[in-house]
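Residue numbers (the numbering used here): 1304 to 1718. Just so it is clear, CB atoms sit at the ideal spot from N, CA and C, and this is done for glycine as well.
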Ligand code: C5P
């Protein structure tokens, strides 16, 4: 029997709270077991009775209510679920989450959980655009919190428009469907028993002890792929260049600095069933980095450096005689002729698939949270719509799982 997926919905105080009544009804129809926690402010917009009636469960509101704590304490609320959804999420609850507050039931649960958390913000556009809110959102993303929305459009306040609306219920459900993976399903998931090796982030190539050559890669796409593969039950090794992201839960993360270190870590991590090479590896390093900090010369002459080519990690792995992963996915970050370069790379690197994207500064892809990619394979090119890097990752790992399934038919129960 398939385990019922469990969602803990945390409703904070916003006019959009009423939309979550429809959300819980539809989640129920899809076979989710939903429990609700409401903040005091949320109760001003919708009554606990409404959520209670729709979920068939008591609604939890008070950290200090002895009856509630006896029935099911905040730690159990935080753990006995597959996903926590904060919808609508006000600027205030986002700020509390970013600061690690725990002065009411909702924030205590969020601080105590070890489960994935999805936040659906809803607030006035100016509150959303405020640097404090944006700072908090960045912090939460770096902590591994997932976001859906906010959407743009008319606000509840008459005459106000902009970004800050709660996303529509179908979009919320789609994000929940993707993230609410029961533990049992993850363990027997589509990539269970597979080892996925992923590179991510930039590399730093030293010039001297204080300076280095680098690039603008944030590592977000590679980290999202690692998280998505782990969610499908894979054993994941993530070899990461210097980034400020928190490693996804359950992923073995090896931190490196230079391309040479990345290659060494990748070689050690083999064998793997799947290799995903999302790192923006520096193509060149200094042939001889200086052991001491380079000083400006009195005459004003700028120093010159001899560069040496870095090892191509993807090509090295793809052309190995032994231990070549069954499926090798490379990335092609280009600023012009994206598809032509990607097709060339598919051949020259020996990859099976190339995920190509345009990283011209105006796309905002490098360092941003969204990506528009093309999947280039021997069979042709698929153009994917603009999606969050999280959604690109989910779709990519699903495609990987399907592909491996086709190569190796699933074992029958008798085997
Ligand atoms: O040649 P280019 O850097 O555009 O190729 C991009 C692809 O090759 C990416 O998948 C990247 O991770 C991989 N690569 C690598 N080692 C390098 C350079 C690129 O693995 N030295």
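What is the rounded straight-line gap between the Cα of residue 1518 and the Cα of residue 1652?
21 Å
Got a sec? Which residues, its chain only, sit under 7 Å from residue 1592 by beta carbon, not counting five neighbours each side?
1509, 1510, 1511
Does the stretch 1567–1578 come within contact of the stretch 1492–1501, defined as at least 3 CB pairs closer than 8 Å?
yes
Taking the Cβ atom as the reference point for each residue, do residue 1541 and residue 1501 lie within a distance shorter than 8 Å?
For the pair residue 1541 and residue 1501, the CB atoms are nearer than the 8 Å cut-off.
Taking all protein chains shown into account, decide if residue 1305 is buried (16 or more other Cβ within 10 angstroms of its Cβ) or exposed.
In this prediction, residue 1305 has a pLDDT of 47, which is less than 50 and means its spatial position is unreliable; what the coordinates show is noted afterwards. Exposed, by the Cβ-count rule.
Apart from the five residues on each side of it in sequence, which residues of its chain come closer than 6 Å, Cβ to Cβ, to residue 1527?
1692, 1693, 1696
Report the residue from 1325, 1584, 1418, 1314 whose alpha carbon sits nearest the alpha carbon of residue 1292.
Within the shown structure, residues of the chain are numbered from 1304 to 1718, placing residue 1292 beyond reach of any answer.
Using the C-alpha atoms, what's the distance from residue 1381 back to residue 1506?
Distance between the alpha carbons of residue 1506 and residue 1381 is about 37 Å.
Give the residues whose C-beta lies closer than 5 Å to at least one heavy atom of the ligand C5P, in chain order.
1580, 1582, 1584, 1613, 1615, 1616, 1617, 1633, 1634
Please report the residue range of the beta strand (DSSP E) in which residue 1424 lies.
1420–1424
Take every Cβ of the stretch 1628–1640, pair it with every Cβ of the stretch 1532–1552, and state whether three or more of those distances are shorter than 8 Å.
No, the stretch 1628–1640 is not in contact with the stretch 1532–1552.
In whole angstroms, what separates the C-alpha of residue 1559 from that of residue 1389?
35 Å
From residue 1438 to residue 1398, what distance separates their C-alpha atoms?
About 9 Å.
DSSP on residue 1341, reduced to helix/strand/coil?
strand
Using a threshold of 8 Å, state whether the C-beta atoms of residue 1308 and residue 1331 are closer than that.
No, they are not a contact pair.
So, does the stretch 1611–1625 touch the stretch 1521–1536, judging by three or more C-beta pairs under 8 Å?
no
Kindly indicate which three-state DSSP category residue 1431 falls into: helix, strand or coil?
helix
In terms of residue numbering, what span does the beta strand (DSSP E) encompassing residue 1527 cover?
Counting along the chain, residue 1527 falls outside any beta strand (DSSP E), though it belongs to the alpha helix (DSSP H) covering 1523–1534.
Per DSSP, what kind of secondary structure is residue 1331 in: helix, strand or coil?
In this structure, residue 1331 counts as helix in the three-state DSSP scheme.
Residue 1641 and residue 1657: beta carbons closer than 8 Å?
no
Look at the Cβ atom of residue 1689, then the Cβ atom of residue 1677, and state whether they are nearer than 8 Å.
no
Whose C-beta lies closer than 6 Å to the C-beta of residue 1384 among residues of the same chain, with five residues either side of it excluded?
1309, 1311, 1418
Tell me which residues share the same chain as residue 1635 and place their Cβ nearer than 8 Å to its Cβ, disregarding the 5 neighbours each side in the sequence.
1641, 1644, 1645, 1648, 1657, 1658, 1659, 1660, 1679
Determine the direct distance from the alpha carbon of residue 1610 to that of residue 1567, and round the result to whole angstroms.
Spanning the alpha carbons of residue 1567 and residue 1610 requires a straight line of approximately 20 Å.
Which of helix, strand or coil does DSSP assign to residue 1716?
Here the model assigns residue 1716 a pLDDT of 39, short of 50, so the residue's position is not dependable, and the following value carries that caveat. Of the three classes helix, strand and coil, the one that applies to residue 1716 here is coil, per DSSP.
Run the CB neighbour count on residue 1378, radius 10 Å, all protein chains shown included, and call it buried at 16 or more, exposed below.
exposed
On the DSSP bridge list, what partners appear for residue 1481?
Beta-bridge pairing links residue 1481 to no other residue.
On the CB-based measure, 16 or more other CB atoms within 10 Å of its CB, does residue 1705 come out buried or exposed?
exposed
For the alpha helix (DSSP H) that residue 1351 lies in, which residues bound it at each end?
1351–1358
What does a CB cutoff of less than 6 Å around residue 1338 pick up in its chain, not counting 5 residues either side in sequence?
Only 1311, 1360 meet the Cβ criterion.
Candidates 1606, 1504, 1703: which alpha carbon is nearest residue 1556's?
1504
To the nearest angstrom, how far is it from the Cα of residue 1665 to the Cα of residue 1473?
30 Å
Just to confirm, are residue 1426 and residue 1393 a CB contact at a threshold of 8 Å?
yes
Name, in chain order, the residues that DSSP records as bridge partners for residue 1509.
1515
Kindly list the residues whose CB is nearer than 8 Å to the CB of residue 1348, restricted to its own chain and excluding five residues on each side of it in sequence; keep chain order.
1316, 1317, 1318, 1320, 1321
Out of 1416, 1440, 1404, 1562, point me to the one whose CA is closest to residue 1582's CA.
1562
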